[in-house]
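If you're matching positions, the sequence shown starts at 1 in the UniProt record's numbering and goes up one per residue. Even glycine gets a Cβ: it sits at the ideal position worked out from N, Cα and C. Only one structure is covered here, and it is reproduced in the block below.
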Amino acid sequence: MNVPDEPGRPADRGRAGAVTGPEGTGAVAQSGEGPAKADTLAGGPRGPYHWAGRRAGPGSGPGGRSGRGSRTPLPLLLPALFGLAFLLLPLVALVLRTPWSSLPEQLAAPGVWQALRLSLIAATAATAVSIVLGVPLAWLLARTDFPGRGFVRALVTLPLVLPPVVGGVALLLALGRNGVVGRWLEAWFGVSLPFTTAGVVVAEAFVAMPFLVISVEGTLRAADPRYEEAATTLGASRFTAFRRVTLPLIAPGIAAGAVLAWARALGEFGATITFAGNFPGRTQTMPLAVYLALQNDPAAAITLSLVLLAVSIAVLAGLRDRWMTTP
Numbered sequence: 001m002n003v004p005d006e007p008g009r010p011a012d013r014g015r016a017g018a019v020t021g022p023e024g025t026g027a028v029a030q031s032g033e034g035p036a037k038a039d040t041l042a043g044g045p046r047g048p049y050h051w052a053g054r055r056a057g058p059g060s061g062p063g064g065r066s067g068r069g070s071r072t073p074l075p076l077l078l079p080a081l082f083g084l085a086f087l088l089l090p091l092v093a094l095v096l097r098t099p100w101s102s103l104p105e106q107l108a109a110p111g112v113w114q115a116l117r118l119s120l121i122a123a124t125a126a127t128a129v130s131i132v133l134g135v136p137l138a139w140l141l142a143r144t145d146f147p148g149r150g151f152v153r154a155l156v157t158l159p160l161v162l163p164p165v166v167g168g169v170a171l172l173l174a175l176g177r178n179g180v181v182g183r184w185l186e187a188w189f190g191v192s193l194p195f196t197t198a199g200v201v202v203a204e205a206f207v208a209m210p211f212l213v214i215s216v217e218g219t220l221r222a223a224d225p226r227y228e229e230a231a232t233t234l235g236a237s238r239f240t241a242f243r244r245v246t247l248p249l250i251a252p253g254i255a256a257g258a259v260l261a262w263a264r265a266l267g268e269f270g271a272t273i274t275f276a277g278n279f280p281g282r283t284q285t286m287p288l289a290v291y292l293a294l295q296n297d298p299a300a301a302i303t304l305s306l307v308l309l310a311v312s313i314a315v316l317a318g319l320r321d322r323w324m325t326t327p
């Protein structure tokens with residue numbers, strides 16, 4: 001029989017151990033019963049109830065082993081190994097079939113470095129355009145509510161699934177000399193984008209910007225908007241709050257999206273050849289040079305592919321530790 005505490009009487013030690021359950025309620029062990037009663041409530045030492053303050057350690061899983069240290073199930077291991085081999089085998093074959101004896105001679109060709117230089121410049125410029133236009137667009141999709149927002153988001157992500165050649169045709173119809181907007185650009189400003197270096201940048205930005213918008217929008221949705229609201233209540237304008245508060249918070253997401261956009265722009269082929277053409281020194285990027293060399297000189301195509309692969313790996317490896325890893 002439980003005796004209520006008398007005024008001024010200290011509580012029994014057995015009553016100090018609160019037991020927490022899945023519902024977050026605190027069951028109190030009665031006087032004199034202590035941990036034994038708690039274990040009974042818990043269904044044993046490993047029951048669903050644990051003493052408050054007790055935390056699970058790294059080996060507190062079933063059998064005392066953590067999830068990372070457990071053995072991978074065979075039905076998952078075999079497809080994972082096949083998937084890894086599927087991704088790595090073509091790259092290994094490219095390295096094995098590279099004509100190493102004639103590699104210096106192939107690299108000395110003037111068209112190689114012209115195409116590489118144009119590829120790096122165009123991809124960087126397309127990434128800059130994607131940042132300038134894509135970050136405000138991502139903020140609009142993440143932080144504002146307007147009719148048709150879902151439809152706008154679908155249109156923004158459409159270049160991800162649209163065939164690049166179709167994207168190039170669409171750019172010609174919009175920005176070509178007789179396009180919907182292109183005719184006015186040429187008539188009013190004397191600007192003609194198709195088959196120019198600027199056209200390469202436009203084509204690459206068209207296919208690469210959705211990667212940055214998706215990355216930044218996800219980062220904005222994960223960021224706490226109360227910081228921005230607090231800045232506005234202190235007198236800052238919405239743009240100042242975005243520039244001084246929100247922008248530093250989402251900087252890692254912007255950088256990760258920029259890396260993805262840059263990599264996509266560097267490897268762009270279909271939209272570029274359709275909208276900008278394939279003119280050496282002016283619009284011929286590395287993917288276009290590989291395609292042209294594959295028809296006449298397969299050894300040169302392999303060399304160009306190896307150079308493009310090395311540049312891509314170097315850039316992604318250099319940025320991986322800073323922006324692309326998770327804790």
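Determine the contact status of residue 331 and Gly179, defining contact as a CB-CB distance below 9 angstroms.
-> A query on residue 331 cannot be resolved here, the shown segment of the chain reaching from 1 to 327 and no further.
Scan the stretch 219-292 and note each continuous alpha helix (DSSP H) run of 4 residues or more that stays entirely inside, going in chain order.
-> Unbroken alpha helix (DSSP H) stretches of 4 residues or longer found wholly inside the stretch 219-292: 226-233, 238-241, 251-266, 270-275, given in chain order.
Skipping 5 residues on each side, what residues in its chain have a beta carbon closer than 6 angstroms to that of Glu217?
-> The count along the sequence shown starts at 1 and reaches residue 217 at position 217. These residues qualify, in order along the chain: Ala138, Leu141, Ala142.
With a 10 Å radius around its C-beta and 16 neighbouring C-beta atoms as the bar for buried, classify Ala317 as buried or exposed.
-> In the sequence shown, residue 317 corresponds to position 317, counting from 1. With fewer than 16 other Cβ atoms within 10 Å, it is exposed.
Cβ-Cβ separation, Trp262 to Ala123 (assumed contact under 8 angstroms), whole Å = In the sequence shown, residue 123 corresponds to position 123, counting from 1. In the sequence shown, residue 262 corresponds to position 262, counting from 1. Correct: roughly 5 angstroms between the Cβ atoms.
Segment contact, 8 angstroms Cβ cut-off, at least three pairs: the stretch 175-191 with the stretch 231-243 | No contact exists between the stretch 175-191 and the stretch 231-243.
Which residues in the same chain have their Cβ closer than 8 angstroms to the Cβ of Arg149, if we skip the five residues on either side of it in sequence?
-> Here residue 149 refers to the residue found at position 149 when the sequence shown is read from its first residue. For Arg149, the CB contacts under 8 angstroms within the same chain, skipping 5 residues up- and downstream, are Leu141 in chain order.
Integer-rounded CB distance, given that Ala271 should sit under 8 angstroms from Val207 = Here residue 207 refers to the residue found at position 207 when the sequence shown is read from its first residue. Here residue 271 refers to the residue found at position 271 when the sequence shown is read from its first residue. So it is a contact: roughly 5 angstroms between Cβ atoms.
Going straight from the alpha carbon of Val307 to that of Val132, what length do you get?
-> By 1-based counting over the sequence shown, the position of residue 307 is 307. By 1-based counting over the sequence shown, the position of residue 132 is 132. Cα to Cα, the separation comes out at about 29 angstroms.
Just the C-alpha distance for Ala289 and Ala301, rounded to the nearest angstrom, thanks.
-> The count along the sequence shown starts at 1 and reaches residue 289 at position 289. The count along the sequence shown starts at 1 and reaches residue 301 at position 301. Roughly 8 angstroms separates the two Cα atoms.
Segments of 4+ residues assigned as alpha helix (DSSP H) that fall wholly inside the stretch 132-198 = Listed in chain order, the alpha helix (DSSP H) elements of length 4 or more contained wholly in the stretch 132-198 are 149-161, 164-175, 182-189.
Straight-line CA distance for Ala314 to Ala80?
-> Against the sequence shown, residue 314 aligns to sequence position 314. Against the sequence shown, residue 80 aligns to sequence position 80. Cα to Cα, the separation comes out at about 25 angstroms.
Identify which residue in Val92, Arg117, Asp145, Arg264 has its Cα closest to the Cα of Arg221.
-> By 1-based counting over the sequence shown, the position of residue 221 is 221. When each option's Cα is compared against that of Arg221, the closest is Asp145.
Cα-Cα separation between Leu107 and Thr303, rounded to whole angstroms | Working through the sequence shown from its first residue, we reach residue 107 at position 107. Working through the sequence shown from its first residue, we reach residue 303 at position 303. Roughly 7 angstroms between the two C-alpha positions.
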